[in-house]
Every structure is written in structure tokens, then in C-alpha cells.
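Numbering (my numbering), first residue to last: 7 to 140. All C-beta atoms in this analysis are idealised placements derived from N, C-alpha and C, irrespective of residue type, glycine included.
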């Protein structure tokens, strides 16, 4: 049985002055998810947005909000992102000392949990948490 391919455009390609309209447009075009790259200027050099922006666009669509947190530490902000409307939260394995706890916190918040790896990080680093990923 084959899995359905999902279309998840990133809002980074959007005109941020019209972000809500852009979210509506990609939803109308058939996007299954909206991918939200959250960057803090510390874990990665760029800065994007946080929970208030996600909350502001959440009412513009009902599709799954896939929030990729490129922030360190992520744990203090997980509840805020969940409350803002993220349906799934992906953290980086390298962003904190206890990946298993981060994933459990995401699950406890009622959200789907994911993990990302930086290119130089071996995939073996996450073997012990594979059963906790959605």
C-alpha cells in the first residue's frame, strides 16, 4: 500500500506583509499542510517569527500547521507554539540535552512530534526515540 504524498508549502516563500492571504491562497490551491520554519537567530543565523504570528494566521485555514522549530532551547517554548495553533512540532536533535523529554512534552500537549537533524548529524543519534515520532 502506498502512502499519500502531502503538499506542505513553507511560508518562508511568502510575502510576509500578506501572510494570511498567502496561507489562504496555498490552501485554496490544495496544500495539505502549511510548513512554518521558526528560526531564532541563535540555533540558525536567520530570524523568522514566533507564536504570535502563528496565532494570527491560524484562523485563516484549517489545514495542518507543521511547525519546524530551529530554536535552542526549544523546550521553554513548546507550550506557546502548541497554544498558537501548531498541529505538529518538530524539534532539532541538536537543540537540547534531552530529546526524549522534548518529544514527550510535545505529545503531552496533544501535538504530533517530529525531529530534524542537521546535515552533519548522524541518523544514529535519534535511534532511541524513533518509536516516539509521528
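> According to the neighbour-count rule (16 or more other Cβ atoms, all chains shown, within 10 Å of its Cβ), is residue 53 buried or exposed?
Replying inline: exposed
> residue 118 by DSSP, collapsed to three states: which one?
Replying inline: strand
> Nearest-angstrom Cα distance between residue 109 and residue 85?
Replying inline: 12 Å
>> Buried or exposed for residue 119, going by 16 or more other Cβ atoms inside 10 Å?
In response: buried
> On the three-state DSSP scale, how would you describe residue 139?
Replying inline: coil
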